[in-house]
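Yeah, the sequence shown ends on 296 if you go by this note's numbering, and it's all consecutive.
Some notes on the structure that comes next.
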Amino acid sequence: MRSRGARISAHFLRLHTAEALMTQSVNIDVNSELGFATITLNRPERLNSLSNELLESLAGILDNIAVDDSIRAVIITGAGRAFCSGADTDEMTGGLGDGPHKPGPGGAEELRRGFKLAQRVILGIYKMEKPVIAAINGPAVGAGFDLACACDIRI
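So this is what it looks like as structure tokens:
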């Protein structure tokens with residue numbers, strides 16, 4: 142019989158999986174027979190750059206994997222020809238889109254707070270009590286390099 146925590150986690154994984162499939166920024170495949178989850182950053186047209194949307198999905202997925210005892214290991218990889226090209230430059234100063242990495246009325250302090258989500262993801266990987274493997278299939282640049290370095294094993 143599964144523990145209450147595992148049931149809750151499985152429920153949240155289903156929610157986040159549905160969310161990820163809807164947003165198309167992160168895919169997750171859980172192999173319950175072997176006990177591992179594969180997380181795929183799925184923005185190949187942007188070399189899997191870390192948009193705020195991708196970071197939100199990834200943070201939620203990592204939080205739930207951390208408490209799911211049926212998952213014993215995690216693999217993180219990127220779709221297409223890159224592992225991760227770092228922060229999405231469209232969401233930075235000079236970029237075309239909105240994002241947390243642009244100075245606003247709060248000045249430098251507001252800009253600093255904009256990096257908290259990326260920090261949550263990196264620390265979530267680093268502190269995971271299960272082995273996390275980075276399957277690096279291409280360039281890992283900037284925050285993408287940080288993401289790979291936070292993993293226990295890099296292949």
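Ideal Cβ placement from N, Cα and C applies to all residues, glycine included.
No experiment lies behind these values; they were computed from the predicted model shown.
If you compare the alpha carbons of A178, S198 and N172 with that of S166, the shortest gap goes to S198. For A214, no alpha helix (DSSP H) segment is defined; the enclosing uninterrupted segment is the beta strand (DSSP E) at A214 to G219.
Inter-residue distance for G227 and L188 is about 9 Å (C-alpha atoms, whole angstroms). Contact annotation: V215 and V262 have beta-carbon atoms that are not nearer than 8 Å. Between the alpha carbons of E174 and A207 lies a distance of about 18 Å. When the five nearest sequence neighbours on each side are left out, the beta carbons in the same chain lying within less than 6 Å of the beta carbon of F177 are those of A214, in order along the chain. The beta carbon of E270 is closer than 8 Å to those of A207 in its chain, skipping five residues each way along the sequence.
In the three-state reduction of the DSSP assignment, L191 falls in the strand class. Of the residues assessed, R222 falls on the exposed side of the cut-off, its CB having fewer than 16 other CB atoms within 10 angstroms.
Nearest in C-alpha terms to E186, of all of R254, G219 and D204, is G219.
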